[in-house]
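Novice: Taking the numbering used here, the leading residue of the first sequence gets 550, the next gets one more, and so forth. Dropping a structure here in structure tokens format, bear with me for questions.
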Amino acid sequence: MQYKSVGCPTDSPLLFLRLQENVMSKLRVRFAPSPTGYLHIGGARTALFNFLLARKEQGTFVLRIEDTDVARSTQESVDAILQAMDWLGMACDEGPVYQSDRFDLYRAKIQQLVTEGKAYRCYCTAEELEQKRELALTQGRKPKYDGTCRQRQATIENQPYVVRFKAPQEGATTFNDRIKGDITFQNEELDDLILQRTDSTPTYNFVVVVDDAEMKINLVLRGDDHINNTPRQIMLYEALGYPVPEFAHVPMILGADKSRLSKRHGATSVMAYRDMGYLPEALVNYLVRLGWSHGDQEIFSMEELINLFSLENVGKSASVFNPEKLLWLNSHYIKTGHPARLAVLLCEHLKQEGIEVSPGPELEAIVVALQDRSKTLVEMAQQAQCFFGTEVQFDETAAAKFLTRDIGEIFETLFAALEACHDWKEEVLDEVFKGVLQATGLKFGKLAQPARVALTGSTNGPSICVIMEILGREKTLARLQGAVARLCD
RNA sequence: GUCCCUAUCGUCUAGCCCGGCCUAGGACACCGCCCUUUCACGGCGGCGACGGGGGUUCGAAUCCCCCUGGGGACGCCA
């Protein structure tokens, strides 16, 4: 008799079981920003760790917008966050899911807890609580809720209230953090947190649990400023009858003075780095190395990261944001980047600087000439500026030093030689240039530097023949002539 | 104040879990030399750390305890 099992995709029931188990344990992680501003460097790293892990484990990366604070959440912020994640190359598999669309779900869950006697109405006013908190703090006590309404039996009609969770007061809550190890809190340290505000909207600690559970998130990977929330959330998982996920808390990013990274320390917005001429791969590479390592390796492509990233190699302690190292990585990626791609990006920055690109030289050639000299695209755009326009912006000290009358005759010789050259390529120009050196008996530098100033206005830049090639025959000759006209003593 | 986390060069880190291979490795930054038509790039070299005190051990950066430093949380923010 032929073996046919129902709904079994393979001939082996055992293998099927294993497959199913595999599907069940598939990693599901999420990034859950609140849309009250741009995507922060710290948030980006958290998102990156989640993204990397999901890709590596072939799991699912969910994006959830935590907008329960209706007053402070904006669509612009959502767009900004989405744009930044896209720029960094982190696509989510599910979402964005908006919590503001799920208020009915939260309300039902709160009702469930109230019905089961696991939550209660609290009529204390915000002002009263504030006073009690301050008093406790000045008396050196822990400023936790005193439980005034916890034992109240009757409900008071027509009086505003919040819903509080009736938290277990005895025992301890322990969880095994994937990064930090075992962490234990005494339950007496925790108070009855608010689940629902006076305006009937749910609060963060509650919705985060409901959503993570409902979305079947099995690893909560987030900043370690959430460690203190974790025991309360575990209690909520248990009260709601949900399985408790695993947790992994990544250490914070600090500023140079070891305080929490903020605007005081420089740009903290991901997109600000794009505007400052940074490449996304540089930021990704920098961010991932902040807290994670793979031996002595410094340079990682996204593909490598997906293969190599693991929680085991994430450090436990906070790290300081070091703009210099990010800059070095950026210069690395500019040096090794594809000129065609960089040209497109450079073009945007040139436009930003108000430079007319259309009648100018090949951008790719400029990129190649400047790749080794630019740490950012903004820098590159500034250095590229001298190839555009008709007027040369002279650095006065350079002009005074190199554009002197005694060079006039030599420039005439150079001009004549260049004018006779019709194959306008670097190698050919190099021959022409050397010919002039021979004719005049000058050393390379004695001619190259004045010529560089004449053509670009500055003493710095790429090889003189590369400059001439990029500039083109007409512009080179015109600028040389222009320089002769302004020679001084 | 209470609770939680944490501790290797100025910074990011390797090594720690499974003590000896560590005279503590790499990277950024800084300094010097070389290369060089300039500026860069690059190459070579230098500076530079196991927070302190107790244990355990023949032996501790590595294991244990205390202290100290740093960070976080203590919201009707997330």
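A virtual CB, placed ideally from N, CA and C, is assigned to each residue, including glycine.
(1) Within this structure, are the beta carbons of I766 and R577 separated by less than 8 Å?
(2) Return the Cβ separation of K974 and E1018 in integer angstroms, given the expectation that the two are a contact with Cβ distance under 8 Å.
(3) At what residue ranges does the stretch 637-719 contain a whole run of the beta strand (DSSP E), taking only runs of 3 or more?
(4) With 16 other CB atoms within 10 Å as the buried threshold, where does V1002 fall?
(5) Spatial neighbours of M639 within its chain, please: C-beta separation below 7 Å, excluding the five flanking residues on both sides.
(6) Could you tell me the alpha carbon to alpha carbon distance between P582 and V799, rounded to whole angstroms?
(7) Just to confirm my understanding: we take L1036, look at its own chain, exclude 5 residues before and 5 after, and list those with CB closer than 6 Å. What are they?
(8) Does P751 come out as helix, strand or coil in the three-state DSSP assignment?
(9) Just verifying my parser: in three-state terms, what is the DSSP assignment at L810?
(10) So what's S818 in DSSP terms, helix, strand or just coil?
(11) Determine the burial state of N879: buried for a count of at least 16 other Cβ atoms within 10 Å of its Cβ, exposed for fewer.
(12) Exposed or buried, A675, counting other C-beta atoms within 10 Å across all chains shown (16 or more means buried)?
(13) Measure the Cβ-Cβ separation of D513 and R613 and say whether it is below 8 Å.
(14) For S1007 and D726, I'd like the C-alpha separation in whole angstroms.
(15) Return the first residue and the last residue of the beta strand (DSSP E) that D726 is part of.
(16) Going by other Cβ atoms of all chains shown within 10 Å of its Cβ, with 16 needed for buried, is R771 buried or exposed?
(17) Comparing alpha-carbon positions, which option in Q688, A703, C641, N834 lies nearest R604?
(18) Are there 16 or more other CB atoms within 10 angstroms of the CB of R1028, so buried, or fewer, so exposed?
(19) CB P794 to CB L810, shorter than 8 Å?
(20) Along the beta strand (DSSP E) that carries V941, what are the first and last residues, could you check?
(21) Classify G666: buried if its beta carbon has 16 or more other beta carbons within 10 angstroms, exposed otherwise.
(22) Under 8 Å, do R713 and C671 count as touching if we go by C-beta distance?
(23) Excluding five sequence neighbours on each side, which residues of the same chain lie with their C-beta closer than 8 Å to the C-beta of L967?
(24) How is P969 classed by DSSP in three states: helix, strand or coil?
(25) On a CA-only basis, which of K950, D650, L678, K874 is nearest A805? Give me that one, please.
(26) Exposed or buried, which one is E861 when buried takes at least 16 other CB atoms within 10 Å?
(27) Keeping to the same chain, check which residues put their C-beta closer than 6 Å to that of V819; ignore five residues upstream and five downstream.
(28) Within 10 angstroms of its Cβ, does F960 collect 16 or more other Cβ (buried), or is it exposed?
(29) Using DSSP bridges, identify the partner residues of D731.
(30) Excluding sequence positions up to five away, which residues of its chain have a Cβ less than 8 Å from the Cβ of S574?
(31) Name the residue from L684, K865, L986, R579 whose alpha carbon lies nearest to the alpha carbon of G840.
(32) Out of Y786, A816, H887, which has the shortest C-alpha to C-alpha gap to A716?
(33) Contact check, L926 vs L963 under 8 Å by CB: the rounded distance?
(34) Would you kindly report the start and end of the unbroken beta strand (DSSP E) that includes E911?
(35) With which residues is T953 paired in a DSSP beta bridge?
(36) Does DSSP put H798 in a helix, a strand or coil?
Specialist: To lay it out plainly:
(1) In this structure, R577 lies closer than 8 Å to I766 by Cβ.
(2) Between K974 and E1018 a beta carbon distance of about 6 Å is seen, short of the 8 Å cut, so the two are scored as contacting.
(3) For the stretch 637-719, whole beta strand (DSSP E) runs of length 3 or above, ordered along the chain, are 643-647, 668-671, 711-714.
(4) That one is buried.
(5) For M639, where only same-chain residues beyond five positions count, the Cβ hits under 7 Å are A596, L597, F600.
(6) P582 and V799 have their C-alpha atoms spaced approximately 15 Å apart.
(7) In the same chain as L1036, and ignoring 5 residues on each side of it, the C-beta atoms closer than 6 Å to its own belong to L952, R954, G957, in chain order.
(8) Residue state, collapsed to three classes: strand.
(9) In the structure shown, L810 adopts coil according to DSSP, grouped into three states.
(10) Residue state, collapsed to three classes: strand.
(11) Taking all protein chains shown into account, N879 has 16 or more neighbouring C-beta atoms within 10 Å of its C-beta and is therefore buried.
(12) Within 10 angstroms of the beta-carbon of A675 lie fewer than 16 other beta-carbons, which makes it exposed.
(13) This structure does not reach residue 513, given that the chain is present from 550 up to 1038, and the question cannot be answered.
(14) One alpha carbon belongs to S1007, the other to D726, and they sit about 57 Å apart.
(15) Its beta strand (DSSP E) spans residues 721-726.
(16) Buried.
(17) It is C641.
(18) Label assigned to R1028: buried.
(19) Against a cut-off of 8 Å, the Cβ pair of L810 and P794 comes out as no contact.
(20) Run containing V941: none; DSSP gives neither H nor E here.
(21) G666 should be labelled exposed.
(22) Yes, these two residues count as a Cβ contact at 8 Å.
(23) Beyond the five residues adjoining it in sequence on each side, L967 comes within less than 8 Å, by CB distance, of L978, V981, M1017, R1022, T1025, L1026, L1029 in the same chain, given in chain order.
(24) According to the sequence displayed, residue 969 carries Ala and not Pro. Note: A969 maps to coil in three-state DSSP.
(25) Nearest of K950, D650, L678, K874 to A805, Cα basis: K874.
(26) It is exposed - the Cβ of E861 has fewer than 16 other Cβ atoms within 10 Å.
(27) Only L588, A593, A633 meet the Cβ criterion.
(28) Answer is buried; the Cβ neighbour count reaches 16.
(29) N725.
(30) Residues N767 of the same chain have their beta carbon placed closer than 8 Å to that of S574, with the five preceding and five following residues left out of the count.
(31) It is K865 whose Cα lies nearest to the Cα of G840.
(32) Comparing Cα positions, the closest option is Y786.
(33) Wrong, their Cβ atoms sit about 33 Å apart, outside the cutoff.
(34) Per DSSP, E911 lies in no beta strand (DSSP E) segment and is marked neither H nor E.
(35) According to the DSSP secondary-structure assignment, T953 is paired through a beta bridge with C1037.
(36) Looking at H798 - three-state DSSP - the assignment turns out to be strand.
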